[in-house]
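**Student:** Sending over a structure as structure tokens; questions will come in a sec.
Numbering (this note's numbering), first residue to last: -6 to 277.
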């Protein structure tokens, strides 16, 4: 039997009875959910992917059917739309509350807000450092997957998503990331481009070392890499940061050595000039 409900996401705790309230209308026909076209248009602009574009949707009697896909069920699509609607509601509520902040509350919030800003600045600094990572800084798991793909090895799905996500985190160009997959036995230009763009736009977090090991994407055995053997090394991004810190430390040491060498050279030059000066004065 058809089930049709009205859900008022703008006032989730109130019974849905207000005729003027904006509602997300949906019905379930078997396993397929439907959403009203106005709400679909309002919710979807900030959701990436071709499936969320109106031109790619089937409209019937003012509703859009959320069809099941191989890895994306109709219920999962509805859940994604609900999350976006709730997100919009939270943002609107926060903006309204900001307008009601008086000077007393602003002063009390000044210190915690400052702490949050400092934390965000610190994280932004780390992100900038990662963006500047050189190829020699890349972790073994990333280098191994790239090498395997170049040699025609059929890297598993988890490894491919990891490569795309860490490439995005390091701000590598999308074209460079797509190029990593060109040697794959099942490479398809359009499919790979779409999938890479999806990962880049979704801000996926690269998998941890533990997950890479479970999915057979960690090539390092105990003793292979001294940095990987450290107890706190549990994420590829930590590997990059540690490598960069080590290189920066070495560069600083080398710079200090060069600075120490300059005065020594000047002192030798000055001593030679002092040795020659008496002879010059005697000639005069």
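For each residue, glycine too, the CB sits at the ideal point set by N, CA and C.
Mind checking residue 210: buried by the 16 CB within 10 Å criterion, or exposed?
**Tutor:** So residue 210 ends up on the buried side.
**Student:** Quick check on this structure: which residue in 63, 201, 150, 165 has the alpha carbon closest to the alpha carbon of residue 177?
**Tutor:** When only C-alpha atoms are compared, the closest one is 150.
**Student:** Can you tell me whether residue 112 is buried or exposed, with buried defined as 16 or more other CB within 10 angstroms of its CB?
**Tutor:** exposed
**Student:** Under 8 Å: do the region 190 to 207 and the region 225 to 232 share three or more Cβ pairs, one atom per stretch?
**Tutor:** Segments in contact, yes.
**Student:** To the nearest angstrom, report how far apart residue 39 and residue 219 are at their CA atoms.
**Tutor:** 44 Å
**Student:** Could you tell me the alpha carbon to alpha carbon distance between residue 159 and residue 173, rounded to whole angstroms?
**Tutor:** 12 Å
**Student:** Am I right that residue 186 and residue 171 are in contact with their C-beta atoms under 8 Å? What's the rounded C-beta distance?
**Tutor:** 6 Å
**Student:** Just how far apart, CA to CA, sit residue 267 and residue 245?
**Tutor:** Confidence at residue 267 is low in this model, with a pLDDT of 38, below 50, so its placement is unreliable and the value that follows should be read with caution. Going from the Cα of residue 267 to the Cα of residue 245 covers about 34 Å.
**Student:** Ends of the alpha helix (DSSP H) at residue 54?
**Tutor:** No alpha helix (DSSP H) contains residue 54, which DSSP labels as neither H nor E.
**Student:** Going by beta carbon distance, what residues of the same chain come within less than 7 Å of residue 120, once the five residues before and after it are set aside?
**Tutor:** Per-residue confidence for residue 120 stands at a pLDDT of 48, beneath the threshold of 50, marking its modelled position as unreliable; no derived number is given.
**Student:** Could you tell me the alpha carbon to alpha carbon distance between residue 142 and residue 46, rounded to whole angstroms?
**Tutor:** 33 Å
**Student:** Taking only the alpha-carbon atoms, compute the straight-line gap between residue 223 and residue 135 and give it to the nearest angstrom.
**Tutor:** 18 Å
**Student:** If you follow the beta strand (DSSP E) that residue 25 is in, where does it begin and where does it stop?
**Tutor:** 25 to 29
**Student:** Let's see if you can read the secondary structure: which residues bound the alpha helix (DSSP H) around residue 152?
**Tutor:** 150 to 162
**Student:** What does a CB cutoff of less than 7 Å around residue 30 pick up in its chain, not counting 5 residues either side in sequence?
**Tutor:** Within the same chain, residue 30 has close Cβ partners 52, 55, 56, 57.
**Student:** Can you tell me which of 239, 127, 208 puts its alpha carbon nearest to the alpha carbon of residue 152?
**Tutor:** 208
**Student:** Report the residue from 157, 216, 109 whose alpha carbon sits nearest the alpha carbon of residue 194.
**Tutor:** Ranked by Cα distance from residue 194, the first of 157, 216, 109 is 157.
**Student:** Quick check on DSSP: helix, strand or coil for residue 75?
**Tutor:** helix
**Student:** Helix, strand or coil: which one does DSSP assign to residue 236?
**Tutor:** Residue 236 carries a helical assignment under DSSP once its states are collapsed to helix, strand and coil.
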